[in-house]
Structures are given as structure tokens and as C-alpha cells.
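What follows is one structure encoded as C-alpha cells, with my remarks underneath.
There are 2 protein chains.
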Amino acid sequence: MLQTIPARRGKAAFVEKGQRIKVINTHGAQVVDTWAFNRDDITEFMSMEHTRATGHHIIPRIGDAMLTNHRRPILSVMEDTAGGIHDTLMAACDIYRYQELGHVGYHDNCTDNLAAGMRAIGLAPPETPSPFNLFMNIPWTIDGTLSFDAPVSTPGCYVILRAEIDLVIAFSACPQDILPINGVACQPTEAHFEILG
Amino acid sequence: MLQTIPARRGKAAFVEKGQRIKVINTHGAQVVDTWAFNRDDITEFMSMEHTRATGHHIIPRIGDAMLTNHRRPILSVMEDTAGGIHDTLMAACDIYRYQELGHVGYHDNCTDNLAAGMRAIGLAPPETPSPFNLFMNIPWTIDGTLSFDAPVSTPGCYVILRAEIDLVIAFSACPQDILPINGVACQPTEAHFEILG
Chain A
1314 MLQTIPARRG KAAFVEKGQR IKVINTHGAQ VVDTWAFNRD DITEFMSMEH TRATGHHIIP
1374 RIGDAMLTNH RRPILSVMED TAGGIHDTLM AACDIYRYQE LGHVGYHDNC TDNLAAGMRA
1434 IGLAPPETPS PFNLFMNIPW TIDGTLSFDA PVSTPGCYVI LRAEIDLVIA FSACPQDILP
1494 INGVACQPTE AHFEILG
Chain B
1314 MLQTIPARRG KAAFVEKGQR IKVINTHGAQ VVDTWAFNRD DITEFMSMEH TRATGHHIIP
1374 RIGDAMLTNH RRPILSVMED TAGGIHDTLM AACDIYRYQE LGHVGYHDNC TDNLAAGMRA
1434 IGLAPPETPS PFNLFMNIPW TIDGTLSFDA PVSTPGCYVI LRAEIDLVIA FSACPQDILP
1494 INGVACQPTE AHFEILG
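If you're matching them up, the sequences are chains A and B in order.
All the letters of the first sequence, read from the start, carry residue numbers 1314 to 1510 under my numbering.
All the letters of the second sequence, read from the start, carry residue numbers 1314 to 1510 under my numbering.
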């Protein structure tokens, strides 16, 4: 069943070990911040800094396992029609990010979306782990300079992740509308996901 | 006053806004995992993923500010005689890391060293933030491959960091003795630091 991650909002779901999660960039330019938590102990969660230390890739590739903060596989990357461009380097946006960018007043943000998405299924994240930012385009240079670029993904492209343990998956359709990280139109959109048997 | 970070151990100290912290690679090949916490609210702490998002550098450079998870400067990089080679990508080592590497039984690790160092001054870290790994050599390629290499630092080289708020600094002289990250001899050593007025 196709489920909607509404524009600028978060959504979480339970996934059983062995199920696959298809995350779809429906309109083509939407970053989807993604988190995963061990269903039996949510203080164990997918960790970008632990994943990089074992996988030795800045961006996980097909066949790579995403590790938890206990260095166990929690998700594996099975398919990717988005050209392999995702991000593991950047924090989820938060109220402080939009203040830094000059926004006045509250702004939707991925950190609050994680909490709201998990709250809707009766949970609270133990912290805000650094997310796996699907479809986010953060190029690096050999001298270590990073930039926030528009996505190179296309409408309908997707990633398929396999659950390696029973887990809680959480998504945020990133509400960034000041930088072009969700496309040069700076117009966040919905995205979708489907849990496959 | 020169203070010792004993080999394989952690150490924490209070630092006032405006003071500078000189971190010395005494024997030349020792990685020093470094954390900083807001002294008034230790749930606000130095965050690699927030620092990269604003600084746009994989490795902070002289003049760069290290940001907290509230995106405020907490430390600034003032001097660096280590050739600018440090790491922001890798998690602190932990019991799971040494299990993964085939070690049987307990192994000293930076995660436990952070907790022990803070406990010695009456505090407990709210979580284990991804550390600023001083003198750690993690080269990347343009295709995003990472490796754990021996340090390129030299005996007595140092980094000077300036405290931008009242803070707690914590260090771990990394006890990694399986990979050559502390030198090809795989022999962790002490390091030192000094808080300058």
C-alpha cells in the first residue's frame, strides 16, 4: 500500500525484518530525511557515523548495509534508480537552521517532523540521529569543500531498502524552502513509500 | 598547566568563554577524540553534522567555527601545526567496534572514555556525539571511498581551539590498537592539553 509522506511533514511506520521499503521521489526533487530505530530498543538506531566507519563510503551504495550505533546492520540498500546521489553528512534541519538562514518565526523542520511522525505511532525518538538524506545532493571536492545543490533525481525514482531487523522507519519530506536543496523552485513536495513483503 | 590525557583514557575539564585549549600530539601519532558541551546545558554540544552544514568543509580549517546542535559556535580553530588533517566523519570507537574487529572481551574505547572523563568531574554525557577526531587521518576520494590511515602528524604538533561559550571539553586518547589509526606500531600513547588564558 502506497503511503504518503505529506509535503513538509514526517511519517513513521513499523517494518518487519526481511520486508523491503520502497521510498519514492514522486515529484523528482524532494529530499527525504530517513531514520531507522530498532523496534525492540529504540535507543539503538541507524547511525551515519557508524555506517561510514564500516562501509568506507561517504554515500552508501547498492549492497551496502546501514549500521546502528551498535554496529549491526539495520537496513541494506537493495535498489537505487536515483543515480546513487544521497547524503550522510548533514544534520536534519531544525528551528536553529531556519533562524541561521534569516527566517523569522516557526518554520517546519525535519527534526520536529521526526518527533511528530514517531509520536503518531506512540513513540518518541531518544535523540535526533544524523539522518540518511535520500535524494539530497551534497557534492564534495578533493579538498573537502561541500555544497548544497539541487537534486539530480527524477520524478518517480526510488530507493529500496531491506529491513535487517524489526524496526521503526521514519521519514521527513524536508521543508527546506530557502536553499535549493529540494529543487531550484524551492517548493517542497510530498513523497511516498511502500512496505513490500 | 599541562594536563595529561593518559594513553587509552579519557579526560574532561571546564573551560571559560574566551580561553584557548591547546591539544598536543605529544608523541606524534595519537588520535584524540574531542567533544565539547555547553557548560550551562550539556544537552547542547558540538556536532559534526551541524558544523559541516554551516562550514561547508569536511575538515574544519583555521578560522572555522565548530557549531553545536543548536547551530551556535562553541569552539573555533585558531592554530594547527598538524597539517590540517583531522576527522569529522567517524564515530567514536565503542565495545561494538572491537567486537566487529574480532577482539574478544572488553577493550578500552573512546565512548566509555568520554563517559569516564566526564564522570570524574561530576557529569554524564547526554549521548555520545560524533567526535571531532583530532590528528585522525581519514582520506576520501572523489568517488566517496574512505580509508583509515596512519596519522601524518608529528611529535609535539598541536591544535589551538578557542572556547566561544563556557563549556566542558572532553578528550579520549583513542585506544585503537588493531587498525593503524594511531600509527603503524598500533601503540596508543598519552597526549596532553593546556588551557590558556
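Just so you know, even glycine gets a beta-carbon here, dropped at the ideal spot from N, CA and C.
Because the structure is a prediction, the values reported are computed rather than measured.
For Cys1470(A), the pairing in a beta bridge is given by DSSP as Asn1338(A). When 7 angstroms is used as the limit between beta carbons, Ile1371(A) is near these residues of chain B: Trp1453, Gly1457 and Leu1459, in chain order.
Contact residues of the stretch 1396-1429 of chain B toward chain A are Leu1402, Met1403, Ala1404, Tyr1409, Arg1410 and Glu1413 (C-beta to C-beta distance below 7 angstroms). Put simply, the stretch 1421-1428 of chain B does not touch the stretch 1440-1454 of chain A. Fewer than three CB pairs are less than 8 angstroms apart. When the alpha-carbon of Gln1500(B) is set against those of Val1344(B), Glu1362(B) and Met1359(B), the nearest one is in Val1344(B). Taking C-alpha positions only, His1399(B) is separated from Cys1470(B) by approximately 13 angstroms.
The residue from Gly1496(B), His1363(B), Val1465(B) and Ala1486(B) with its alpha-carbon nearest to that of Leu1388(B) is His1363(B). From the beta-carbon of Ser1360(B), the residues of chain A found nearer than 9 angstroms are Ala1404 and Ser1443. Distance from the Cα of Asn1338(A) is smallest, within the candidate group Asp1393(A), Glu1329(A) and Arg1374(A), for Asp1393(A). Take Phe1484(A), set aside five residues on each side of it, and the residues of its chain with a beta-carbon closer than 6 angstroms to its own are Ile1318, Lys1324, Val1345 and Thr1347, in chain order. The closest CA to that of Pro1452(A), considering only Arg1322(B), Ala1366(B) and Arg1333(B), is found on Ala1366(B). Taking all protein chains shown into account, Pro1439(A) has fewer than 16 neighbouring C-beta atoms within 10 Å of its C-beta and is therefore exposed. Judged by beta-carbon spacing, Ile1473(A) lies beyond the 8 angstroms limit of Ala1326(A), meaning their Cβ atoms are not closer than that value.
Within chain A, the C-beta atoms nearer than 7 angstroms to that of Ala1366(B) come from Met1403 and Ala1404, in chain order. In the structure shown, Gly1368(B) adopts helical secondary structure according to DSSP, grouped into three states. The beta-carbon separation of Ala1486(B) and Ala1320(B), rounded to 6 angstroms, stays under the 8 angstroms limit for a contact.
With respect to the C-alpha of Ala1405(A), the residue from Thr1502(A), Glu1503(A), Glu1477(A) and Ile1494(A) having the closest C-alpha is Ile1494(A).
Around the beta carbon of Gly1435(A), fewer than 16 other beta carbons lie within 10 angstroms, which makes this residue exposed. Exposure of Ala1433(B) is indicated by the presence of fewer than 16 other C-beta atoms within 10 angstroms of its C-beta. Residue Ile1491(A) holds the alpha-carbon nearest to the alpha-carbon of Phe1461(A) among Phe1506(A), Ile1491(A) and Gln1316(A). Contact check for Pro1442(B) and Ser1360(B): beta-carbon distance about 6 angstroms, within the 8 angstroms limit, so the pair qualifies. Counting along the chain, the unbroken beta strand (DSSP E) around Gln1316(B) starts and ends at Leu1315 to Ile1318. Looking only at Gly1396(B), His1416(B) and Ala1437(B), the smallest Cα-Cα distance to Thr1467(B) is reached by Gly1396(B).
Counting of Cβ neighbours within 10 angstroms places Ile1372(B) among the buried residues, the total reaching 16 or more.
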